[in-house]
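*Asks:*
Residue numbers (the UniProt record's numbering): 1 to 120.
1. Just reading off the alpha helix (DSSP H) that residue 85 is part of, what are its end residues?
2. Do you know whose CA, among 11, 86 and 103, lies nearest residue 34's CA?
3. Would you mind sorting residue 109 into buried or exposed? The rule is 16 or more other CB atoms within 10 Å of its CB.
4. When you compare only the Cα positions, how much space is there between residue 82 and residue 98?
5. Taking only three categories from DSSP, how would you classify residue 31?
Listed below in structure tokens is the structure:
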């Protein structure tokens with residue numbers, strides 16, 4: 001699988017360089033103490049651009065290939081869902097099968113949208 005690179009000088013590049021040798025718990029502790037992240041969060045959280053509607057059923061899910069398995073990451077579920085074998089080469093086709101099955105459950109709905117994050 002290809003490597004994604006952060007924009008030079010960006011927060012994410014600095015974060016990666018500062019935490020590259022840390023385990024997940026250490027990275028979490030680093031983020032908890034990071035003033036730059038806290039400031040960015042405060043600005044975004046207090047912007048008040050929209051009021052959240054509690055009845056909204058739309059949300060995002062992500063499909064990822066990890067250790068030869070296709071996983072669906074859904075914030076409404078307590079853990080990732082495995083959809084069986086996959087590979088970086090077949091990720092798009094494998095995810096498309098799951099997505100098509102989901103759409104088939106409610107074929108008249110207009111509430112589906114698909115986006116991909118990939119290398120150039």
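A virtual CB, placed ideally from N, CA and C, is assigned to each residue, including glycine.
*Replies:* Judging by the given coordinates:
1. Looking at the DSSP string, residue 85 is not in any alpha helix (DSSP H); the run it does join, the beta strand (DSSP E), is 81-85.
2. 11 is the residue among 11, 86 and 103 whose C-alpha sits nearest the C-alpha of residue 34.
3. Classification for residue 109: exposed.
4. Linking residue 82 to residue 98 through their CA atoms gives a straight-line distance of about 11 Å.
5. If DSSP states are grouped into helix, strand and coil, residue 31 belongs with the helices.
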